[in-house]
Amino acid sequence: MVVDPAFLVTPGQTLEIPVGIISEDREALFFFIGDLPESAYIFELVDPEGQVISSSATIGGMSVQVKQHNNWTWFRVLFPELDVSNKHIGTWIFRIRIESPEKWFKTEPGENNAYVGGYMNNGMHRMSVAASVKSNYKMDVSVQPETVLVGDKLLVQAKLTNGGWPAPDASVNVTITRPDGSVNQMKLNPSVEENEAGVFINAYTDTSLRGVYDFLFRSTGRTDRGEVVTREARISHFVGKPAEDPTKTPGKPPKQPTILIWIIIIMLGVIIFRMFCPTRQQRADKR
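Counting with the working numbering, you get residues 814 to 1100 for the letters of the sequence shown.
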């Protein structure tokens, strides 16, 4: 999976987002969303053999579905079984081009160049792309425990499988973005547990800030056929602040007993002792 890269582009610029497809992949979804209406864009999906796809079609045993609405578009490709065709294996390119600038605007009475949707043109605009792949080669990720307080340790884990079987021939790295925007890098290590082949783990301890931590996982491995395969996944995790004791006043130490209170306590102790412990004279009188 390629995790939603974001771009700043100018009119006439063409963006190409490559996505590698392997034999274990069953389908792919290419998704786009931008600031401008759909009339401002031209979308093309290019397969590994160079065929350009711009609308729903069936090509070489592959089913391609295309949907557009306002400012978003997606292409969904269903790949055939390998005994039918393997022409889908390779690098696909999702291509976006901005054209027809005159369609971005409409003229309102008393206004000039009012942007469709209420935004004004500044020569650049944002767009975001996500490409996800449904595959027999999978990476499942987790960050535990679910409830975390400042200073707690987090267990970061990724599990790689190929057709349901462990896929230990891989490496996994994690980029952690902290609440203040600072970034940490961490490598996950293969689990040493006997029944955890294909599991990669590590402990993350830099949780001194309250807020949301973003974990971006990237793995590189090999399938049973020797194909190089990459996977990405993202998880956000919230780290809270310990609750304060409502009985304590912030910034003030607890009150200590005064000297007068200590004197009263000692006197009460002496009185109780004399009541229950007879003196030497009282013991002699009893005899």
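For each residue, glycine too, the CB sits at the ideal point set by N, CA and C.
Between which two residues does the beta strand (DSSP E) harbouring residue i extend?
i	result
R910	G903 to I911
N899	Segment: none, N899 is in no beta strand (DSSP E) and carries neither H nor E.
A1010	Segment: none, A1010 is in no beta strand (DSSP E) and carries neither H nor E.
Hey, would you say residue i sits closer than 7 Å to residue j, going by beta carbons?
i	j	result
V890	A853	no
F1028	I1072	no
P831	I906	yes
A1046	L1001	no
A983	S1032	yes
P992	L1022	yes
D965	N997	no
V954	F1030	yes
V859	G874	no
R780	M952	This structure does not reach residue 780, given that the chain is present from 814 up to 1100, and the question cannot be answered.
P979	A1010	yes
S869	Q878	yes
I909	L828	yes
G847	N883	no
V956	H1050	yes
I811	E912	This structure does not reach residue 811, given that the chain is present from 814 up to 1100, and the question cannot be answered.
Q881	E851	yes
T886	F845	yes
Can you pull the DSSP bridge partners for residue i?
i	result
N949	None; N949 has no bridge partner.
M999	V987
D1027	T990 and S1049
A841	V890 and V946
P979	T974
N884	Per DSSP, none; premise fails for N884.
S876	T871 and L891
R1076	According to the sequence as given, residue 1076 is Ile; it is not Arg. Answer is none; I1076 lacks a bridge partner.
E857	R908
L1022	Bridge partners of L1022: none, in fact.
G863	For G863, which the question treats as bridged, DSSP gives no partner whatsoever.
If you run the structure through DSSP and keep just helix, strand and coil, what is residue i?
i	result
Q826	coil
S852	helix
G1082	helix
M933	For M933, the predicted model reports a pLDDT of 45, less than 50, meaning its position is unreliable and no value from the coordinates is stated.
P831	strand
E1040	coil
T1033	strand
S836	coil
G964	coil
Q957	strand
K919	The pLDDT assigned to K919 is 45, lower than 50, so where the model puts this residue is not dependable; a value taken from the coordinates is nonetheless given after this. Looking at K919 - three-state DSSP - the assignment turns out to be strand.
S941	strand
For residue i, decide whether its Cβ has a neighbour in chain D, counting only Cβ atoms nearer than 7 Å.
i	result
L973	This model lacks chain D altogether; it includes just one protein chain.
Taking residue i and residue j to be in contact with their CB atoms under 8 Å, please state how far apart those CB atoms are, rounded to whole angstroms.
i	j	result
L973	G1053	That pair is no contact at about 31 Å.
I835	V985	Not quite, the Cβ-Cβ distance comes to about 18 Å (not below 8 Å), so this is no contact.
N1008	E837	That belief does not hold up - the Cβ atoms of N1008 and E837 are roughly 23 Å apart, past 8 Å.
Any heavy atom of the ligand SAM closer than 6 Å to the CB of residue i?
i	result
L891	Because no ligand of any kind appears in the structure shown, any question about the ligand SAM cannot be addressed here.
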